[in-house]
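Down below is the structure, laid out as C-alpha cells.
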Amino acid sequence: MILKIGWSNIWRKKSRSAVVILSVAFGIWIGMFFGAFQWGTYVQKLDDIVNREIGHVQIHDSLFIDEEYDYNFPIKNTSQVKSVLDSDSAIKTYVERSIFSAMLQTTRNQKPVLVYGIDTAMEREIYSISSMIVEGEMISGRRAPTLLVGTKLALELNLSLGDKLLIQGGMLHGVKSFVGRVRGFYESPNKLKDKLVIYVHKSDLNKKLNDDFIHEYAIIFHNFDSLKQYGNRLQTKLPNQQVFTWGQIMPEIKNGIEMTDQVMFIFMLIIWIALSLGIVNTMLMSILERTRELGMLMAIGMSRLKIVQMIFFETTILTIIGVPIGIVLSVITVGYFGDVGIDLSVANAALENFGYSTIIYPEVKTSFYYQVIFQVIFVSFISTIFPVVRALRLKPIEAIHKT
C-alpha cells in the first residue's frame, strides 16, 4: 500500500518530480565533469612536469640547489649512486644530467638560463626530446655544440636557426665559456621552462668543458603514491647527497595543484548545497499540497513511521531515475572533452605563471563515479529530512480541515 501511494504521488505532479530528477542528474553531471576537469589538470600537470621533466625524485650534491645550480657542485662518487639506484627494484628508470646556471649572450642581449647537458638515449626512457622540437633538429658531434632553445626564449631574444650563442657560467677552475649554435627550437607544455632551459648534448658539453660531471639523477618509480617513503630510503643510503621529491623541487607546482583542489572543494560544496535546497523546496511543496491527504491517512490509522517510509520511497525513486541520466550525461561530456580538450587560452597568462598548459583534457577514475553517486544520494536523503519532520508535525484533525 505504501509503495502504491508513493508511486502515485510521484507522478501526480510530473513537473515537480521532473525538477527533483533533473536536480539529481545535474548534480551528478556537474560534479563528474568538474571532478574530471580537476583530475585531468592534475594528471596532465604530473605528466608534463613530473613524469617528463623533473622526475619523481632527484638526487644532487648537498650544496647544488643551495648554491643556485652552480657547476662547481657535481655529484661525488657517482659509482656509488648508480649502484644504489640499479639495485632498487622500486625504480622504473633514471637519467643522468649535467645542469648549471649560466649567462646566455648574443650580439644584442644577454639572459640568465639553465643549461641542461643530456644524453638523448637515456632521456628517451622518460620522454622523447625530439617530440618537443618544432623546428630544426638536435644533432651531436658538431664543431660548435648543438643548442636546443625554447620558443619563448627564442622569441624574446629574436633568435634564428644557425645563430651562435655564448654560454658563460661558473666552472670548477674559474669562469669558463663555450660557444654553441642554435640548431633547433622546442616547445614544451611548461611555458616557464621554454623561457629558461637550453638543451645541449652532454657529450658535446663534456668535450668543451673537459669534464664529465653529473649534477642530477632524475628518477621515475613504479609506484607514484610512495615517493616520500622511497625518497627517505634513498637519503638513508646516500647520506652525502641531497634527495628531493618533485614537490620539494617545485613547490609552486604542488601548491598550484593544492589550490586547485581547494577551489574545486568549494565549488562542489556550492553544488551540493544548491542541490539540497532544490530537493528540500520541491519535497516541502509536495508535503504542503498533500496536507489534507496526509491528515486523512493518519486519521484512518496509518502510523507516522509509514508516512516517513512513503516520503523516503518517493525520494529514492526520483533519485534512482536521476542517477543514470546524470551518469550518461557525464560519460558523454567527459568523453568528448577528453578527446578534443578544453581551450583555456583566454587565461593564458595566468596559467603560464603556474606552468600549466592552456589545453586541458578531462579524465576521471572509475572510483570517482561511485564517489559522486554516493554523495548525490546522501545529499538527496539528507535533504528529505526537513520535509519529513514537517510531515510528522501534522495533527490529523487540523490537517484534514486545512484549506
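Numbering (the working numbering), first residue to last: 2 to 404. Built from N, CA and C at the ideal position, the CB exists for glycine as well. Since this is a predicted model, take the numbers as computed values, not measurements.
- prompt: Counting only runs that start and end within the segment 26-113, where is the alpha helix (DSSP H) found for 4 or more residues in a row?
  reply: 79-87
message: Using 7 Å as the threshold, is the C-beta distance between Ile215 and Thr79 below it?
response: yes
- request: Please report the Cβ distance between Leu239 and Val58, rounded to the nearest whole angstrom; I am assuming they are in contact, meaning their Cβ atoms lie under 8 Å.
  value: About 11 Å separates the two Cβ atoms, so there is no contact after all.
task: Verify whether the separation of the beta carbon atoms of Gly151 and Asp87 is less than 7 Å.
output: no
field: Short Cβ contact (7 Å threshold) for Val183 with Leu148
entry: yes
message: For a quick check, are the C-beta atoms of Arg98 and Glu217 less than 7 Å apart?
response: yes
message: Quick check on Met260: buried or exposed, where buried means 16 or more other Cβ atoms within 10 Å of its Cβ?
response: exposed
- prompt: Does the Cβ of Val377 have 16 or more other Cβ atoms within 10 Å, making it buried, or fewer, making it exposed?
  reply: buried
field: Span of the alpha helix (DSSP H) around Gly163
entry: Element bounds for Gly163: n/a, residue is neither H nor E.
query: So Leu193 is in the alpha helix (DSSP H); what residue range does that whole segment cover?
result: Lys192 to Asp195
- request: Helix, strand or coil for Tyr362, going by three-state DSSP, please let me know.
  value: coil
- prompt: Is the beta carbon of Asp205 less than 7 Å from the beta carbon of Pro252?
  reply: no
message: Relative to the C-alpha of Gly41, which candidate in Pro363, Ile401, Gly185 and Phe379 has its C-alpha closest?
response: Pro363
query: From this set, Ile60, Val51, Val25 and Asp48, which residue's C-alpha is nearest Gly232's C-alpha?
result: Ile60
field: With 16 other Cβ atoms within 10 Å as the buried cut-off, status of Ala37
entry: buried
task: Could you please give the first and the last residue of the uninterrupted beta strand (DSSP E) stretch that includes Phe245?
output: Gln242 to Thr246
message: I believe Met104 touches Gly181 by the beta-carbon criterion, under 8 Å. Please report the beta-carbon distance rounded to the nearest angstrom.
response: Not really, about 13 Å apart at Cβ, beyond 8 Å.
query: When the Cβ atoms of the segment 127-141 are set against those of the segment 262-272, are three or more pairs found closer than 8 Å?
result: no
task: Could you check which residue in Lys209, Thr316 and Phe387 has the C-alpha nearest to that of Phe179?
output: Lys209
message: Quick check on the DSSP output: the alpha helix (DSSP H) that includes Leu278 runs from which residue to which?
response: Pro252 to Glu290
- request: In the DSSP assignment, find the beta strand (DSSP E) that holds Asp222 and state where it starts and stops.
  value: At residue 222 the sequence reads Phe, which differs from the Asp that was named. It spans Glu217 to Phe222 - the beta strand (DSSP E) in which Phe222 sits, taken as one unbroken run.
Check whether Ile199 and Val135 have beta carbons under 7 Å apart: no
query: From Leu30 to Phe245, what distance separates their C-alpha atoms?
result: The amino acid occupying residue 30 in the given sequence is Trp; Leu does not appear at that position. Computed Cα separation, rounded: 39 Å.
- prompt: Can you check whether the CB of Ile312 is closer than 7 Å to the CB of Arg391?
  reply: no
query: What do you get for Leu278, buried or exposed, if any count of 16 or more other CB atoms within 10 angstroms of its CB means buried?
result: exposed
message: How far does the beta strand (DSSP E) with Glu124 in it extend, from its first residue to its last?
response: Here Glu124 belongs to no beta strand (DSSP E); instead the alpha helix (DSSP H) covers Thr121 to Glu124.
message: Quick check on Trp40 - is its C-beta less than 7 Å from some C-beta in chain B?
response: This model lacks chain B altogether; it includes just one protein chain.
query: So, are the CB atoms of Leu276 and Ser24 less than 7 Å apart?
result: yes
query: Mind checking Leu306: buried by the 16 CB within 10 Å criterion, or exposed?
result: exposed
message: For Leu395, report the span of its beta strand (DSSP E) as first-last.
response: Counting along the chain, Leu395 falls outside any beta strand (DSSP E), and DSSP gives it neither H nor E.
field: Cα-Cα separation between Glu68 and Ile76, rounded to whole angstroms
entry: 13 Å
field: Straight-line Cα distance separating Ser84 from Asn110
entry: 44 Å
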